[in-house]
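For reference, the structure discussed in these notes is given below.
2 protein chains.
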Amino acid sequence: MNNRLGRQTVTFDNPPIIIETASTVGQKEGKGPLKSTFDVILDDDTLGEKSWEKSESMLQKKTALLALEKAKLQQSDIDYILAGDLLNQCVGAHYSVRDFDIPFLGLYGACSTMTESMSIGSMIVSAGFADYAMCLTSSHFCSSEIQFRNPLEYGGQRTPSAQWTVTGAGCAILSSKGTGPKITHVTTGKVIDKGVTDISNMGAAMAPAAIDTLIAHFNDTHRTPDYYDMILTGDLGVVGSDILVELMLKEGFDIRTKHKDCGKMIFDIEGQDVHAGGSGCGCCSSVFCGYVYRELKRHNLSKVLVMATGALMNPMIIEQGESIPAIAHAVAIEI
Amino acid sequence: MNNRLGRQTVTFDNPPIIIETASTVGQKEGKGPLKSTFDVILDDDTLGEKSWEKSESMLQKKTALLALEKAKLQQSDIDYILAGDLLNQCVGAHYSVRDFDIPFLGLYGACSTMTESMSIGSMIVSAGFADYAMCLTSSHFCSSEIQFRNPLEYGGQRTPSAQWTVTGAGCAILSSKGTGPKITHVTTGKVIDKGVTDISNMGAAMAPAAIDTLIAHFNDTHRTPDYYDMILTGDLGVVGSDILVELMLKEGFDIRTKHKDCGKMIFDIEGQDVHAGGSGCGCCSSVFCGYVYRELKRHNLSKVLVMATGALMNPMIIEQGESIPAIAHAVAIEI
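Heads up: the sequence lines are chains A and B, in that order. In terms of this note's numbering, the first sequence opens at residue 10 and continues consecutively. In terms of this note's numbering, the second sequence opens at residue 10 and continues consecutively.
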């Protein structure tokens with residue numbers, strides 16, 4: 010078998026190129042530290058729709074269309090669109106792509122979906138099954154809040170470890186040719202459940218999955234954290250990031266100077282009252298497709314490991330006393 | 010670009026082989042016409058679990074373990090498991106695999122998930138990214154009924170077009186080597202929404218997607234229905250199958266003698282009071298991994314097109330007045 014490194018990692022003879030990205034975020038995200046790096050900041054988080062689910066769907070659709078426009082491509086150029094979101098039965102994605110004339114592969118990896126999409130997309134493009142593949146995910150604070158937590162009008166206190174679901178979407182177009190950052194390796198995560206049951210502490214639930222995938226990536230590739238300019242996690246937030254860095258150190262990998270987390274970067278943690286930081290499929294996708302992609306194109310970053318993390322429960326199964334399984338998928342990107 | 014035929018189809022230089030399958034069904038399915046073809050018929054649809062969601066998860070887990078056992082493989086032999094189900098946030102799959110030591114890719118394609126899984130799995134195995142990939146899906150009548158429709162205790166009438174969600178799971182192991190039926194082509198569907206809004210008529214909502222993918226498959230491969238011994242849809246049921254056959258005829262493709270539908274095959278439609286037939290991710294997966302795989306291995310069938318179909322809505326978005334988008338993914342199998 011070619012292309013396989015160790016148990017969880019594959020590498021590419023023909024690394025797919027991220028030829029273009031698009032990112033859209035909501036009003037709150039548009040006031041955060043990364044505000045200058047997004048393509049679009051919404052002035053109306055409803056996007057003119059009558060429900061939050063439809064708003065999220067429209068957010069995803071507009072972001073995909075913007076990516077096509079920026080790449081100067083037509084829908085007919087795209088061989089596959091790989092998309093997902095957090096909503097029940099992934100309706101954010103399904104209603105966003107139903108007007109598209111593009112073969113569709115639906116994914117669910119909770120907040121890990123963006124790197125799951127880029128992982129599968131990379132394999133499909135690299136192997137010659139596609140010239141172009143679009144990777145697309147979104148989340149919306151309002152649709153997530155009512156689905157996973159409480160009605161928007163409910164004035165409950167949030168715990169210090171709670172995270173704020175990002176209103177945002179990101180779309181990356183992978184291609185077998187062109188110029189831009191390349192995806193060189195994909196490390197696919199396992200489902201890891203260390204028994205955390207607090208749904209207001211997703212960071213703690215997801216950190217063990219991030220650790221598992223990160224160690225697998227270093228072992229499979231024989232790389233150390235020094236190899237990368239940035240090791241970017243999706244939405245571990247303040248609590249999960251601290252756990253990751255501390256436990257990685259105990260495992261012999263010092264990522265202290267390399268680690269960044271999209272959930273910590275997208276908001277002013279103190280000033281925007283987001284407690285432990287941002288979360289959601291749209292957190293990693295908007296930060297990667299915005300800030301990180303720009304920095305790669307400008308050669309301010311040249312080697313980045315992007316690892317979105319997802320918590321794979323639903324509210325009902327937690328009420329039934331279950332713990333929270335999680336997963337993390339990593340893609341290594343170089344320019 | 011190699012391997013691509015037309016807009017939606019890919020073919021394989023190294024066709025992946027379905028080296029083994031496993032199927033498990035519930036008590037009602039175990040009294041149907043295909044009862045002798047399943048590996049396991051449950052004598053207790055709860056599987057000893059305290060909630061229907063956990064029952065479904067255990068159903069999927071046991072089916073995966075049985076497939077490994079039948080194939081004489083260890084978890085460490087499997088490079089990827091690609092799984093999904095109908096439950097919110099796919100908890101059927103996530104809780105089934107959390108004890109597995111296998112890299113995981115989570116999919117959501119509603120009842121189309123089995124062929125989505127086999128499509129992506131085929132590409133990954135054929136391209137050399139994996140020696141072995143497991144494709145796994147499930148559905149459970151009780152967990153689906155309470156999530157999508159009514160409490161189990163609710164004694165409402167079902168409409169004639171309503172379908173009965175299959176309690177069942179199927180697991181197929183794909184490999185780059187070995188003997189067995191091969192996956193020669195994959196045709197990936199687009200999301201198609203023709204405006205059907207009746208969630209008690211999934212067959213009508215899904216039939217247009219099945220037609221779209223089937224026409225794409227014939228056009229891309231330059232094949233006609235005559236090429237196949239069987240054209241198998243997932244769960245169009247009685248209503249959707251009639252629509253499919255009739256509209257395909259109008260499009261110039263006579264599939265009348267070739268078409269079978271898992272939802273019509275798994276139950277005695279009249280005798281088991283299932284109205285328009287079976288449905289669910291577990292319908293196509295248990296019938297394919299049971300009856301169809303056996304017939305292929307016995308050379309009673311040699312060329313089969315398997316196309317699972319999925320309705321991509323959730324109950325909330327239908328209440329918001331939306332119609333039902335659907336999708337169908339086809340895999341061509343030969344021995």
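Glycine included, every Cβ here is placed at the ideal spot set by N, Cα and C. No experiment lies behind these values; they were computed from the predicted model shown.
Could you check how far apart the C-beta atoms of L91 of chain A and C144 of chain A are, in whole angstroms? I think they sit under 8 Å.
Contact between L91 of chain A and C144 of chain A is confirmed by a C-beta separation of about 5 Å, below the 8 Å threshold.
Roughly how many whole angstroms lie between the Cα atoms of I275 of chain B and G287 of chain B?
Their Cα atoms are separated by approximately 7 Å.
Distance cutoff 8 Å, beta carbons only. Does G15 of chain A sit that close to anything in chain B?
Not a single C-beta of chain B is nearer than 8 Å to the C-beta of G15 of chain A.
Identity of the residues DSSP links to V313 of chain B by a beta bridge:
Note: V313 of chain B sits in a beta bridge opposite B:M239, B:I342.
Using a Cβ-Cβ distance cut-off of 8 Å, determine whether D202 of chain A contacts chain B.
Yes, because at least one Cβ of chain B sits closer than 8 Å to the Cβ of D202 of chain A.
Got a sec: is the Cβ-Cβ distance from S106 of chain B to anything in chain A below 8 Å?
Before going on, a small fix: residue 106 of chain B reads as Val here, not Ser. Taking 8 Å as the threshold, the shortest C-beta distance from V106 of chain B to chain A falls below it.
Excluding five sequence neighbours on each side, which residues of the same chain lie with their C-beta closer than 7 Å to the C-beta of F157 of chain A?
Hits under 7 Å: P324.
Span of the alpha helix (DSSP H), counted from its first residue to its last, around M143 of chain B:
Unbroken run through M143 of chain B is the beta strand (DSSP E), 141-148; no alpha helix (DSSP H).
Would G39 of chain B and G319 of chain B qualify as a contact pair, given that the criterion is a beta-carbon distance under 8 Å?
Contact: no.
Can you give me the start and stop residues for the beta strand (DSSP E) that G118 of chain B sits inside?
Counted as a single uninterrupted DSSP element, the stretch harbouring G118 of chain B is not any beta strand (DSSP E), since DSSP gives it neither H nor E.
Reduced DSSP category for S288 of chain A - H, G, I as helix; E, B as strand; rest coil
Strand.
Short check: CB of S121 of chain B to CB of T197 of chain B, under 8 Å?
Contact flag unset, no.
To test your reading of the DSSP string, which unbroken beta strand (DSSP E) runs of 3 or more residues are found completely within the segment 146-196 of chain B?
Counting whole runs of 3 or more residues, the segment 146-196 of chain B contains the beta strand (DSSP E) stretches 177-184, 191-196.
Are the segment 288-302 of chain B and the segment 254-263 of chain B in contact at 8 Å, needing three or more beta carbon pairs?
Taking a cut-off of 8 Å for Cβ pairs, the segment 288-302 of chain B and the segment 254-263 of chain B do not touch, as fewer than three such pairs fall below it.
CB of T230 of chain A within 8 Å of CB of H284 of chain A, strictly
For T230 of chain A and H284 of chain A, no; Cβs fall outside 8 Å.
Could you name the residues that DSSP lists as bridge partners for A80 of chain B?
Answer is none; A80 of chain B lacks a bridge partner.
Can you find a C-beta in chain A that's less than 8 Å from the C-beta of Y300 of chain B?
So, not an interface residue.
Proximity winner among B:V248, B:G93, B:I87, B:M132, relative to D110 of chain B (alpha-carbon distances):
Of B:V248, B:G93, B:I87, B:M132, the smallest CA-CA separation from D110 of chain B is found for B:I87.
For T146 of chain B and R307 of chain A, what's the separation of their Cα atoms in angstroms?
If I take the Cα positions, the gap works out to 43 Å.
Three or more C-beta pairs closer than 8 Å, one from the segment 299-314 of chain A and one from the segment 199-219 of chain A: is that the case here?
Short answer: they don't touch.
Listed from N- to C-terminal order along the chain, which residues in the segment 87-105 of chain B have their beta-carbon within a distance smaller than 8 Å of any beta-carbon of chain A?
Residues of the segment 87-105 of chain B that bring their beta carbon within less than 8 Å of a beta carbon in chain A comprise D88, Y89, G93, L95, L96, N97, Q98, C99, V100, H103, Y104, in sequence order.
For Q83 of chain A, does the count of other Cβ atoms within 10 angstroms reach 16, so buried, or fall short, so exposed?
With fewer than 16 other Cβ atoms within 10 Å, it is exposed.
Reduced DSSP secondary structure (H/G/I, E/B, other) of I26 of chain A
DSSP places I26 of chain A within a strand segment (E or B) once states are collapsed to three.
May I ask you to report which of helix, strand or coil DSSP gives L91 of chain A?
Strand.
Backbone CA spacing between E154 of chain A and E328 of chain A [nearest angstrom]
As the crow flies, the alpha-carbon of E154 of chain A is around 17 Å from that of E328 of chain A.
Cβ of F113 of chain A within 8 Å of any chain B Cβ
Answer yes: the Cβ-Cβ gap between F113 of chain A and chain B drops below 8 Å somewhere.
By a C-beta neighbour count over all protein chains shown, 10 Å radius and 16 as the cutoff for buried, is N159 of chain B buried or exposed?
Exposed.
Any beta carbon of chain A sitting closer than 8 Å to that of K44 of chain B?
So no, K44 of chain B is outside the interface.
Rounded to whole angstroms, what's the CA-CA distance from K358 of chain B to T72 of chain B? Just pull it up for me.
Lying outside 10 to 344, the shown extent of chain B, residue 358 of chain B is not represented and no answer is given.
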